[in-house]
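Quick note on numbering: my numbering labels position 180 of the sequence shown as 378, and the sequence is numbered without any gaps. Just so it is clear, CB atoms sit at the ideal spot from N, CA and C, and this is done for glycine as well. Nothing here was measured: the structure is a model prediction, and the numbers come from that model.
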Amino acid sequence: MAQISAGTDEMKCAASVAAVEEVRDGMIVGLGTGSTARHAIEAIARRIAEGLRIEPVATSHATADFAASLGIPVRDFASFAAIDLAIDGVDEIDPALRAIKGAGGAMLREKIVATAATRMLAVADSSKLAEQLGNRPVPIEILPFAQAFVEHRVRDLGGEPALRRTMAETPFVTDQANFVLDAHFASIEAPGALAAALDACPGILAHGLFLTEIDALYVAGHDGVSRRER
Ligand code: 5RP
199 MAQISAGTDE MKCAASVAAV EEVRDGMIVG LGTGSTARHA IEAIARRIAE
249 GLRIEPVATS HATADFAASL GIPVRDFASF AAIDLAIDGV DEIDPALRAI
299 KGAGGAMLRE KIVATAATRM LAVADSSKLA EQLGNRPVPI EILPFAQAFV
349 EHRVRDLGGE PALRRTMAET PFVTDQANFV LDAHFASIEA PGALAAALDA
399 CPGILAHGLF LTEIDALYVA GHDGVSRRER
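Next up, the structure:
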């Protein structure tokens with residue numbers, strides 16, 4: 199296994215480059231959001247320059263803009279019922295490939311694209327590995343109309359919600375013009391039950407628990423890149 203001598207960003211890059219080797223000619227490919235996903239998009243751009251032909255779709259406006267800046271023409275996901283492959287980062291991932299996503303606020307589109315994908319690859323540096331989910335808050339996209347109602351429901355579920363804010367202290371607004379609550383849970387003993395409760399709460403558009411979507415993880419540490427399959 200090739201040693202990776204430098205820091206986290208080189209690990210993110212190495213994991214992404216390895217995952218992108220799964221991309222084949224003719225695939226419809228979901229491009230994730232975040233700093234790790236950007237490395238995957240750069241690796242895809244290099245392969246396109248070498249002749250790869252794919253139909254990419256983006257999980258956020260930021261990703262669509264970044265892909266366009268690299269000369270990758272992104273298709274509108276709205277016209278695709280299913281895609282072949284999605285590649286995206288995670289905030290935290292456990293040994294069963296259950297993850298928390300959404301630090302970038304894109305979890306609604308990310309979850310739709312991941313669910314539509316025949317195969318979903320998570321890419322990460324080894325700092326994202328966790329024995330149990332819950333060190334990171336669970337991001338929850340909410341309809342602003344429902345803010346107080348959802349905050350109350352999250353507290354009932356054992357979480358402490360905090361409205362995500364920008365540097366200017368204004369509420370962070372998603373690509374869908376919604377707000378995000380970052381919900382801190384002391385521990386997440388039963389992620390499936392928590393996800394089901396959040397799914398059942400009106401006013402919640404999406405949450406960052408990705409418990410079934412991820413098929414494989416490419417993770418890089420100082421010892422190189424390894425792949426884990428579900
Ligand atoms: C964005 C996400 C990101 O994929 C996740 O936050 C990881 O980001 P990064 O690769 O920058 O650490 O879910 O909504």
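What are the complete beta strand (DSSP E) segments, minimum 3 residues, inside the region 266-307? 281-287
For Ala-276, count the other beta carbons within 10 Å of its own beta carbon; 16 or more makes it buried, fewer makes it exposed. Which is it? Classification for Ala-276: exposed.
Counterpart residues of Ala-322 in DSSP-defined beta bridges: Val-417
Determine the contact status of His-169 and Pro-335, defining contact as a CB-CB distance below 8 angstroms. The structure shown does not extend to residue 169, since the chain spans only 199 to 428, so no value can be given for it.
Can you tell me which residues form a DSSP beta bridge with Phe-377? Ile-340
Are at least three pairs of beta-carbons, each pair with one atom in the region 359-367 and one in the region 322-334, less than 8 angstroms apart? no
Rounded straight-line distance, which links the Cα of Ala-393 to that of Ala-241: 33 angstroms
Under 6 angstroms Cβ to Cβ from Ser-385, same chain only, skipping five residues before and after it: list those, please. Within the same chain, and ignoring the five residues on either side of Ser-385 in sequence, the residues whose Cβ sits closer than 6 angstroms to its Cβ are Gly-332.
Have a look at Ile-340, Gly-419, Leu-415, Asp-263 and flag the residue whose alpha-carbon is nearest the alpha-carbon of Leu-396. Ile-340
Mind checking whether Ala-297 and Met-318 have CB atoms under 8 angstroms apart? no
Span of the beta strand (DSSP E), counted from its first residue to its last, around Ile-226: 226-229
Identify whether Arg-362 lies in helix, strand or coil by the three-state DSSP scheme. coil
Nearest to Ala-279 by CA position, among Val-255, Lys-299, Asp-263, Thr-372, is which residue? Measuring C-alpha to C-alpha distances from Ala-279 to each of Val-255, Lys-299, Asp-263, Thr-372 identifies Val-255 as the nearest.
Could you check what DSSP says for Thr-368 in three-state terms: helix, strand or coil? coil
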